[in-house]
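Asker:
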Amino acid sequence: MLSEFENEVSNPNILAKKWLSKANVKPTKQRLKIAEYLVGNGKHKHITAEQLYEMCREGDVKVSLATVYNTLHCFCTVGLLSEVIVDANRKFFCTRVDDHPHFFWESTGELTDAKIDNFEIKNLPQAPKGSKISKVDIIIRLSKDTE
Ligand SMILES: [Zn+2]
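Following the working numbering, the numbering of the sequence shown begins with 15 at its first residue and continues without gaps.
#1: Can you determine whether any heavy atom of ligand 1 sits closer than 8 angstroms to the C-beta of aspartate 127, and answer yes or no?
#2: Helix, strand or coil for arginine 110? Go by DSSP, reduced to three states.
#3: Which of the three DSSP states, helix, strand or coil, is assigned to isoleucine 99?
#4: DSSP puts leucine 156 in a beta bridge; with which residues?
#5: Please classify arginine 71: is it buried, with 16 or more other beta-carbons within 10 angstroms of its beta-carbon, or exposed?
#6: When burial is assigned at 16 or more other CB atoms within 10 Å of the CB, is threonine 160 buried or exposed?
#7: Is histidine 58 near ligand 1, judged by its Cβ being under 8 angstroms from some heavy atom?
#8: Name the one or two DSSP bridge partners that leucine 125 has.
#9: Can you pull the DSSP bridge partners for arginine 104?
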C-alpha cells in the first residue's frame, strides 16, 4: 500500500499526510505525528503500541498510551494498518494490509514480513456451518539454530 511512495524522496510529514488522506482520516496533530513514525520513511513497519508510545515520548510528542492505542485502532478500522496478534501480551501493527505471512523472532521479540513469491493458502478446513473464514494469520516462529 506504500508502494506509490517508495520512489519518492519526500519528507515524513508529507508521506504521513498522504497516507492519512488515502483513508480520509482527518490529520490532527497527534495522528499526523503517529503516522510519521509509522510511514514517514516510506518503508513498511511492524510496531507495538508500547514501542510507538516510546518513540512519541523520545520525540517530545505529548500523547498518552491510551491515545496511541486509540489512534492505532482507528487506523486499523479504516484499513491503513493490519493487526498481528502474536500472543496475549504482544500485538503488532503492520503497515502492509494485504495478506502476508510473518516471522516472529523469539530471540529478539521482533516481527518481520516473511518474504515469499506467490503466497497461497491451500486446503483450509471448512468453516463450521453458519460461519465463514474471515482471515487467516500466519506467524512463523523462529528460534536460534544452534547446530
Ligand atoms: Zn507485515
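Backbone N, C-alpha and C define an ideal beta-carbon position, used for all residues, glycine too.
It should be emphasised that the depicted structure is a prediction, and the values quoted were computed from it without experimental measurement.
Answerer: Taking the geometry as given:
#1: Yes, Cβ of aspartate 127 sits closer than 8 angstroms to a heavy atom of ligand 1.
#2: In the structure shown, arginine 110 sits in coil (DSSP, three-state: anything other than H, G, I, E or B).
#3: For isoleucine 99, the three-state secondary structure derived from DSSP is strand.
#4: In the DSSP secondary-structure assignment, leucine 156 is bridged to Trp119.
#5: Under a 10 Å Cβ-count criterion, arginine 71 is classified as exposed, with fewer than 16 other Cβ atoms of the shown protein chains found around its own Cβ.
#6: Classification of threonine 160: exposed, given that the 10 Å Cβ count is below 16.
#7: With a cutoff of 8 angstroms, histidine 58 counts as near ligand 1, since its C-beta is closer than that to a heavy atom of the ligand.
#8: BP columns for leucine 125 point to Phe118.
#9: Bridge pairing for arginine 104: Asp101 [DSSP].
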